[in-house]
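Shown next, in structure tokens, is the structure this report addresses.
2 protein chains.
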Amino acid sequence: MSFDPNSKSLGSSSLDHALLDSAFLEEVTWNEQGLAPAIAVDAANEKLLMQAWVNREALATAVAEQRAVYWSRSRQKIWRKGEESGNVQKLVEVRLDCDGDAICYRVEQVGGIACHTGREHCFFRRLKGDEWAAVEAVVTDPESLYQK
Amino acid sequence: MSFDPNSKSLGSSSLDHALLDSAFLEEVTWNEQGLAPAIAVDAANEKLLMQAWVNREALATAVAEQRAVYWSRSRQKIWRKGEESGNVQKLVEVRLDCDGDAICYRVEQVGGIACHTGREHCFFRRLKGDEWAAVEAVVTDPESLYQK
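Those sequence lines, one after another, are chains A and B.
Heads up: the first sequence begins at 0 in numbering that gives the first Met the number 0, then just goes up one per residue.
Heads up: the second sequence begins at 0 in numbering that gives the first Met the number 0, then just goes up one per residue.
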């Protein structure tokens, strides 16, 4: 995905455009939409928090701002995790996998809630027989997350 | 992706075809290629092991055989993890995320090596400045992994 200097999402960010030419971004194998899966892991206890997506701009912004930043496919814009809920993911380190097509953000999860449902993480449904059963408790009322 | 009863890959597996109509597969939001990202986590210590992909057949086969099974995009076939190296991932549980478009396999990693490079996991490159530096040791000579 080539960088569009007129992109609204970039226009509203504080990203130094030169960062988009960084060599580390070239090492990532981006898919046909210019995306790679990004997996957030809690650096305190290694727990899987969530899986989302990054493009070049999201990854560059994450590194520049030292927080987890994703590309929202539904909203088609940069998504700074916690920008609405306050549950920011502070970046501890960024990892790349062996074939270069997946990213891991190791983070400090502010507020302890990664999921928009108010749970600690997003993988709260467990396969039981033929059904996915919610097996993790809601810690925070999700409505309260977005009323700040 | 609809199921092709003449699929060669399915023909070579022991999967009961009825499994492909299971309700739990309908709950997954498959992408335009019929795939979803699958993240393997070590159930013993929660560590992120790898990220790969599943389609309906791979996920159904994993559940039927209680081992991590993926869809190899490069080989366009079902990939039973460990079928060549012996480093099977025994399935402890399967999780689905909040928006239903990502899978987590919690596994017992036989042999302790998830990565084809001979490392414990695939996310062994850490961003340092503008470079991805390998920061995890090779535990097993990768050539020996595939000479069995």
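Positions of the beta carbon are idealized from the N, C-alpha and C atoms, including for glycine.
Beta-carbon separation (whole angstroms), B:A39 vs B:L48, contact threshold 8 Å:
4 Å
Among all the DSSP beta bridges, which residues are the ones paired with A:C97?
Beta-bridge pairing links A:C97 to no other residue.
In chain A, what lies closer than 8 Å to B:L47 by C-beta?
I38, V40, E45, L47 and C103
Between A:Q50 and chain B, is any beta-carbon pair separated by less than 7 Å?
yes
I need the DSSP call for B:D20, collapsed to helix, strand or coil.
helix
Closest by C-alpha distance to A:D98, when choosing among B:A67, B:T28, B:C121 and B:Y69
B:C121
Tell me which residues share the same chain as B:S6 and place their Cβ nearer than 6 Å to its Cβ, disregarding the 5 neighbours each side in the sequence.
Note that B:S6 scores a pLDDT of 42, beneath 50, so its modelled location is shaky and nothing firm can be said.
Would you tell me roughly how many angstroms separate the C-alpha atoms of B:A59 and A:H16, rounded to the nearest one?
45 Å
Compute the Euclidean distance between the alpha carbons of A:D96 and B:D96, then round it to the nearest angstrom.
21 Å
Quick one: Cα of B:L126 to Cα of B:V134, how far?
10 Å
Are there three or more Cβ pairs, one per stretch, closer than 8 Å when the region 76-86 of chain A is compared with the region 23-35 of chain B?
no
By Cβ distance below 8 Å, which residues in the same chain neighbour A:R118 in space, the five residues on each side in sequence not counted?
I112, E135, A136, V137 and V138
Does the CB of A:S11 have a neighbour CB from chain B at under 7 Å?
Note that A:S11 has pLDDT 45, beneath the 50 cutoff, so the model's placement of it is unreliable and the number below is only indicative. A:S11 does not count as touching chain B.
Terminal residues of the alpha helix (DSSP H) in which A:E56 lies:
R55 to E64
Residues of the region 114-126 of chain B in Cβ contact with chain E at a cutoff of 9 Å, in chain order, please.
The question asks about chain E, but that chain is absent: this structure's protein chains are A and B.
Distance check for B:A22 and A:D129, CA to CA, integer angstroms please.
6 Å
Which residues DSSP lists as bridging A:L70, in chain order:
First, the amino acid is wrong: residue 70 of chain A is Trp here, not Leu. Its beta-bridge partners are A:I77.
Taking its Cβ as the centre, do 16 or more other Cβ atoms sit within 10 Å of B:E82, making it buried, or is it exposed?
exposed
Output yes or no for whether 7 Å exceeds the beta carbon distance between B:A63 and B:L18.
yes
Alpha-carbon spacing of A:K80 relative to A:N54, whole angstroms
14 Å
At 9 Å on the CB atoms, spell out the chain B contacts of A:E130, in chain order.
A22, F23 and E26
Using a Cβ cut-off of 7 Å (strictly closer), state whether A:Y145 contacts chain B.
no
Considering only the alpha carbon of each residue, which of B:D140, B:W131, B:L14 and B:L144 lies closest to B:Q150?
Outside the shown range of chain B (0 to 147) lies residue 150 of chain B, about which nothing can therefore be said.
Hey, is B:R74's beta-carbon within less than 7 Å of any beta-carbon in chain A?
no
Taking 7 Å as the cut-off, decide whether the C-beta atoms of A:E92 and B:W131 are in contact.
no
Please name the residue, chosen from A:S143, A:Y145 and A:A37, that lies closest to A:R72 on a Cα-to-Cα basis.
A:A37
Counting only Cβ pairs nearer than 7 Å, list the residues of chain B close to A:Y94.
In the sequence as presented, Tyr is not what sits at residue 94 of chain A; that position holds Arg. Here the neighbours are F122, R124 and R125.
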